[in-house]
Amino acid sequence: MRNLKLLRSLCSNALHGLGKPQCLSVRTDTGTVLVGSNLGITELDPQTEQVVNEVSLVGEAYLPEDGTGCIVGIQDLPDQESVCVATSSGDVILYNVTNNQLECVGSVESGLTGMSWSPDQELVILTTGQETIIMMTKDFDPITEVRIHQDDFGEGKFITVGWGKKETQFHGSEGKQAAHRKQVVQSAVAWDDQRPRVTWRGDGQLFAIGAICPVSGARKVRVWNREGVLQSTNEPVNGLEQALCWKPSGSLIASTQRKPNKHNVVFFERNGLVHGEFSLPFDKDQVKVKELLWNSDSTVLAIWLEDLRSLWTVGNYHWYLKQSLHFGCDPEGQIVSLMWDPESPHRLHILRLGWQYLGYDWHWTTDRSIGEDSSDAANVAVINGDKVLVTSFRHTVVPPPMCTYQLQLSSAVNQVMFYPEPQKSNNLAVLTTDNRIAVYQHDDGGNQDSTQKIGGNGLKMCVTMPKLIKMYRIKSDEERRDKALTPMKLRLITWVKEDMFLALSQGSSTSQTVLCQLVTLSERESQEAELESRSPVTVDGHVISLCYNPKTQTVALELSDGQILKYLWALGSSEASVEPWKSTNGCLIQFPQPCVQTALCTIDGEEVVLGLTERARFFVNDIEVASNMTSFIVHDEFLLFTTHSHTCRCLSLKDTSLKGFLKMERGSRIVTVVPQDSKLILQMPRGNLETIHHRALLLAQVRKWLDRLMFKEAFDCMRKLRINLNLIYDHNPKVFLENVEIFLKQIDSINYINLFLSELKEEDVTKTMYPCLTSSSTAAPQTGNKVDIVCDTLRITMEKINPHKYSLSILTSHVRKSTPELEVALQKVHKLRANPPTDPEAVSAEKALKYLLFLVDVNELYDHAVGTYDFDLVMMVAEKSQKDPKEYLPFLNELKKMEINYQRFTIDKYLKRYKKALGHLSKCGPQHFSELLNLVKDQKIYKEALKLFPVNSQEYKGISIVYGEHLSQKQLYEQAGLIFARCGESEKALEAFLLSHSWQQAFCMAAQLQYTEDKLGTMARTIDSEEAIASLLEGAAWEESLRLVIVFKYFELCYICFFPTAHRNHLAFLDSQRSLFLCHKKRLEVVREIKEKTCQGFLDEELPGEPDSDLYSEASSVWSASATGSKYSHSNSRISARSSKNRRKAERKRHSLKEGSPLEDVALVEALAEIIRTVDELTGEVHRLLKVLVLFGFDTLASELQQVLDDTLQLMEKSIPDIWHSALKQTTSSPVSGAAMLNGKYNV
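Position 202 (the sequence shown) corresponds to 202 in the UniProt record's numbering; numbering is contiguous.
Right, here's the structure in full:
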C-alpha cells in the first residue's frame, strides 16, 4: 500500500553536445552522463549543466560526417577507466577517459545492431547484421559466435511421456480436431524496428535475445547461458512486440503483447513458457511500447511509450500504475534514451532529443490521513493509474488490491495529499498529470453507496464516499509562454491550509530549490480555480524532504547533504524565509546521512526531526538511535517502528523508554495506526495485511477510555485482547467506585459483569503487569480487601438498580469474596425457590442454583448447604449434584432425629467447624460433658471451652485441669501453674511452679497447702541452688558454677543443657565475627584501589563530589584529603562546642560504613579494629570454658572450639599488615597493637 514519491528532480536545459543524441550511459563514479550521438561522445554533468568532455568519432571515420551514423550501444567501464561504444557500421571503440585516447578494438563487416555487457562487465554480447551473436570477454577475446535463430529448442527441451501430449488433452467445444490444428503465428507489428534485444539476468549467468524469426516473421525469445549455449525458446506467442527486459532478481522476462482487444505486458519463465500478464490501460492500437526497463532491485518496471513514461509496481499479485510522465508531442521533447541508475535503484535518467536531461529520484511512501481524533477513518490512499484506491482501516481491513472505495480521476494520478487539520483529516487532494489538484471532502453530505462490496459476495458494507468539491489548476510561467510543462516540475506538494499548498521546484540553476506557496487566485462557479505560486523562497541545495507538523505549523526541509532547515512563514511585513534548524542548546542540526523519510514530533518538550535512511539508519535530530529500522510512524505519544530483526517496537515520546516489542513476519512494514484505537496495520512483503495490537498502544488507549468513563469500549477491547480486567478498577479505584452505576449500565451484560467479578484478584496490576509512570490514579489506596470492596460495592449498586435482573451477578459477588459467602448465596437461591419473582428479567431458582454449581465445586457447596442447618436447602443442592441418594439420605434422616443442639453439633463436627460444634455441644447438658472434653483435647480448643462455662462450675474446673496438663506437657510450667491455681488444684500448681523456678508462686502454693518449716526449708534450698547454678552458667562463671554443681550434684543439668549450649553459642559468635571481618577487609581493598586510581587521574581528574561526576562508581567513596577536609572543616568547628555525647554521635555519623560515604575507608578500619578487640576479649572467656569442658569429658567440643578460635586469631594476625600499612598509619591511629591482641592462645 505504498506509492512512489518524487524526492528530487533535476532538469538540465543548458546542455549542448555533438550532433543529435541517441543513447546514454551513466558514470557512477563521477555522477556524469555519457551521451552517444550521430557525431561522437559527449560527457555531461547535470549538476553543473556543463559539458565535461566531447569526443568526435567523425575525425577517425568511425561515424560519417553527414550525420547518418548511429551508435547502437554505449557502456561505461569503470574498472578499465574506459567507455565502450558500438556503431552500426560495425566498429567497437574503446575510449580511455584518463588519456582521452580512442582505440578500435574490433570491427564487424556486416555491421552491429546491438551491444550488451553482462552485469559484472566480464562479458559483452554483440549482435551483428547477419543475425549472429558474438560473445567476447572484457578484453575483447572472442568466446563464440552463433546464429541467433536456431532450429533446436535448446538444452532445456521438455520431455513428453505420452499422457501429457496435446492430442490426449480435452479441448472443449472445439472438439478433437483442435489437437491437430496448426497454430498460425502472426508476424511482428509494422512499426517494429526489426532490431534484436539483448537482456541479462541479474547474476549474469543467463541472457535472453528477442529477434524476429525469418520464417514466421514473428518475434521469438531465446535464452542462452554464459558459454553461449542455447537453453530454451519461448512458446509461440501472437502479437509479441520488441520490448524485452529480464527481471534482475532472475524470475521473469518481461515483454509486451498485442491481443485482439487489449494490450498486455507478458512474463516468460527461463524455460520459455508464459507466466502471468497484466493489461495496460490503453486501447489496442492506442500506444506503442518501445522498451521495458526493470530497476536494479526489481521493484519498479518502467514502460517507455511514445510520449509517455509509466512506472509500474506489483503487490499481492496485482500490478499498479504508480507514476505517469507525459512529455507531449513536441519533436524537440522526444525521448531518445531512458535508463535506471545501476547503483541507486529508484533513480531514473531521461535524455530528450533537444539535449535536455531529466533525472528523477523516487522513493516509497505511504499516503495516510494524519488525524488524531476518533473522526479520522485511518485512510490510506493507493495510486493506480487514474484511480485512487482508499481503504478506511477504522471500519474494515481488506487486503489490496481491494479497498473501501475508489476515486476516478480524469487523468493519471501523481500524488495524494490528506488535509492535516482535525475533524477534516479525511479530506484528500489529488495531483494529476495535467497539473490539476482535485479536492475531495468527506462529510455527512457525501455520496452514499449502501451496496459497496468488500471482498466479493460475502461482505457488504455501507460507506460514505467523499465528493469532489473543488478543482484547482496550477498556473506556471511556462504556460504563459505557451511551452509545454516539464513532467513533475512540482514535487513534494503538501496541503497545509484549506486553500494553500506548499510545493518544491527547481530554481534558476540545478543546484537550487524553490519553495513556494500555491494559493488560490480566483474561483468562479463556472470555472475551476487557479493556484498561483506566491512567496517563493530560494534554497541553495537540493531539498529532498518536506514535513509539516499541524500542531505547531512547523515546516522542516531536508537537503541532500542532510542539513535541516526551518521554513519561516511570512508575518506582517516580513517575507517568508528559511533558517537552519537548531536544537534547544543552539546547535545546528544535520543528519549524518540523507534521509528518505522524515517526520516532526515533540520529545521531552523539544520539537525534533526524525529521519530514516535507505540503509535503515534512524536519526533523532543528528543523533543515530537505531541502525536496523525499516519503517516508523509517530502516533500520539508513541513512536512505533519495525526492525530487521522482525520485531515491532514502541518508544514512549514522554520518557523515551521502550514499551516492549512484538514478533512479526519477516519484512513487514507499518502501514498506519488507527487513531483513538489500538490497531496497528502491517503489510507483508507479498502485499497482504496483518492487524496487530501493540501492548503499549492498547494500554494507553484503555487508560484514555477509563479516564473518560467509557467503560464499555475499554471492557470490550480488554476482553477481546486478553487484558486483565483488574485494570478497570486498579487504574483509578476512587473514580471506579464513584461511577459503579455507570459501569453497570454501560456493560449491560450479566455475563460480562460475571466475567469481571471472576477475574478480580488482590494484585494491583498497575504495579505488576501493566506499570505506568503517568497513571491518572491520584486517589489514596483503598483500605481493606480489594476484592471484597469491589464485590460489595457492585452488589449494593446492583441490588439498588434491579436485584432480579442482576441476581446471577449478585451471587457471583458473594462467591468471589476473599471469604466466600456461600451460605448467603444459598439462602438467596432458597428464597428464589420459596418466593419466585414476577419480574420478567428475573431468573429461576433452578437456573440460579445451576449457575452457583458452575462457580463452586458441588461437594463444597453441599457442605455449605449442610452448614446452614436447612434440610430443604440441602436437598435442593443434593438433587442438582451428581451425588447418589444412598450417600446422603441416611445421613440426613439420622440428623433429623437428633435434638436440635446435638444435631447442629454433629453437623459442625462433620464439617470440621469444631469451635461452632463446641458451642452447640455445651448446650446439650452434663451427660455429654465427657464427649466435650474429648473434643477439647483432640482439637486443643481449651480457651474457647473455658469461655462457655462459669468460673465456679465443675465443667470449668474439669476443662482447666486438662488444659493445665496440656501446658505441662508443652513445658509451659508457669502457665500451667496459673491454670491449676485458678481452678483450686494447689498440689498440681505447686509442682508446676517448682518446675518453672517461680519461687514466689511456689511459696504461695506451699502456704495454701500448710507446709511445715522443714518442708519449706528443703524446697527453698532446692530452688536457690538451681537458680544460682543457672545464673553462673549464663554469666560464663564456669569455675564457680562447677563448684555448685559438685556440691548440689546437678550434673545432669550441665550435661544436657548448659555446656552444649555454651559451646554452640561461642562457635556461632566466632563464625559471625570471622565473616564480618572478611567482608570489611574485602571492601577496604576495593575502596583503597579506587582511591589510588583517583589520585593517578584515571577517572578524568574529576572529584566525586562534583555534580557532573557521572563516571564515579558507587564504590568510589574515598575522596582526596583536600576534598574531605574542605567539606568537614566548617562542621567540625561546630562540633567542638558540643557535649562529648553529641561529639561522639557526630563522629559516628561522619565515619559511616555506607558504600560511597566520604570516609568509608576510615570507618572500615575502625570496624575491623573493633572486631579484633571483641575477639581478643573473648579469648579469656573461651579459655575458662575449655577447662570446664575438658573436666566434664567434652573433649570433642573443646577441640572444635579451640580450632575455630585459633583459625580466627591467625586470620586477624595475618591481616594486620594489610589493614594498617604505612600510608594510613599517619592518618588513622591504630586502635590496638596486633601482637597485644593475639597473644592469648590456650591449648588443651
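All C-beta atoms, glycine included, are put in the ideal place defined by N, C-alpha and C.
query: Which word fits W495, buried or exposed, when buried means at least 16 other C-beta atoms lie within 10 angstroms of its C-beta?; result: buried
query: I believe residue 1245 touches T647 by the beta-carbon criterion, under 8 angstroms. Please report the beta-carbon distance rounded to the nearest angstrom.; result: Outside the shown range of the chain, which is 1 to 1244, sits residue 1245, and nothing can be said about it.
query: At which residues does the alpha helix (DSSP H) containing H830 begin and terminate?; result: 822 to 834
query: Nearest-angstrom Cα distance between V215 and I253?; result: 23 angstroms
query: Are there three or more Cβ pairs, one per stretch, closer than 8 angstroms when the segment 919 to 927 is compared with the segment 898 to 910?; result: yes
query: Cβ of L6 within 8 angstroms of Cβ of M488?; result: yes
query: What's the call for N261, buried or exposed, on a 16-neighbour Cβ count within 10 Å?; result: exposed
query: By how many angstroms is the C-alpha of I753 removed from the C-alpha of I747?; result: 7 angstroms
query: Please return the same chain residues whose Cβ sits closer than 6 angstroms to the Cβ of K805, not counting the five positions on each side in sequence.; result: E841
query: So, helix, strand or coil for T642, using DSSP?; result: strand
query: What alpha helix (DSSP H) runs, 4 residues minimum, are completely inside the segment 724 to 801?; result: 726 to 730, 733 to 738, 740 to 747, 750 to 758, 786 to 801
query: Give the C-beta separation of R219 and Q242 to the nearest angstrom, bearing in mind that I take them to be a contact with Cβ-Cβ under 8 angstroms.; result: 7 angstroms
query: Taking C-alpha atoms, which residue in T793, K745, H263, Q701 lies nearest to H731?; result: Q701
query: Taking 8 angstroms as the cut-off, does the segment 69 to 76 touch the segment 34 to 54 (at least 3 CB pairs, one atom from each stretch)?; result: yes
query: Taking contact to mean 3 or more Cβ pairs, one atom from each stretch, closer than 8 angstroms, check whether the segment 998 to 1016 and the segment 968 to 981 are in contact.; result: yes
query: To the nearest angstrom, how far is it from the Cα of F393 to the Cα of A377?; result: 6 angstroms
query: How far does the beta strand (DSSP E) with L680 in it extend, from its first residue to its last?; result: 679 to 683
query: Tell me the rounded alpha-carbon separation between K712 and F743.; result: 8 angstroms
query: Just curious, the alpha helix (DSSP H) that G1180 is in, first and last residue?; result: 1160 to 1191
query: Just checking my contact of D883 with Y869 at CB under 8 angstroms: how many whole Å lie between their CB atoms?; result: Per the sequence shown, the amino acid found at residue 883 is Lys instead of Asp. Not a contact, Cβ separation roughly 19 angstroms.
query: Relative to the alpha-carbon of S249, which residue among T233, E269, N234, P236 has its alpha-carbon at the smallest distance?; result: E269
query: With C-beta atoms as the reference, is T128 less than 8 angstroms away from M135?; result: no
query: With a CB to CB cut of under 8 angstroms and the five nearest residues on each side skipped, what residues in its chain are close to D193?; result: Q242
query: Going by C-alpha to C-alpha distance, which of Q969, Y942, Q506 sits closest to I959?; result: Y942
query: Given a cut-off of 8 angstroms, decide if R222 and L123 are closer than it, judged by their beta-carbon atoms.; result: no
query: In whole angstroms, what is the alpha-carbon distance linking V596 and G611?; result: 7 angstroms
query: Over the uninterrupted alpha helix (DSSP H) stretch that includes F619, give me the two end residues.; result: First-last for F619: 618 to 620, but that is the beta strand (DSSP E), not the alpha helix (DSSP H).
query: List the whole-angstrom C-beta distance separating V83 from V105, where the pair is believed to meet the contact cut-off of C-beta under 8 angstroms.; result: With 8 angstroms as the limit, V83 and V105 do not qualify as a contact, their Cβ atoms being about 12 angstroms apart.
query: Can you find at least 3 beta carbon pairs, one from the segment 391 to 410 and one from the segment 336 to 354, that sit closer than 8 angstroms?; result: no
query: By the DSSP assignment, the alpha helix (DSSP H) with K880 in it spans what residues?; result: 871 to 880
query: Spatial neighbours of S425 within its chain, please: CB distance less than 7 angstroms, with the 5 preceding and 5 following residues excluded, ordered by chain position.; result: S369, I370, G371, D376, F418, Y419
query: Looking at the secondary structure, which residues open and close the alpha helix (DSSP H) in which Y888 lies?; result: 885 to 897
query: Within its chain, find whatever has a CB closer than 7 angstroms to the CB of H326; leave out the 5 residues flanking it on each side and keep chain order.; result: D307, L308, T433, P487
query: Starting from the Cα of D707, find the closest Cα among N724, K734, L682 and give me that residue.; result: K734
query: Return the chain-ordered ranges of every beta strand (DSSP E) run that is complete within the segment 500 to 540 and spans a minimum of 3 residues.; result: 500 to 506, 512 to 520, 529 to 540
query: Given a threshold of 16 other Cβ atoms within 10 Å of its Cβ, counted over all protein chains shown, does V1182 qualify as buried or as exposed?; result: buried
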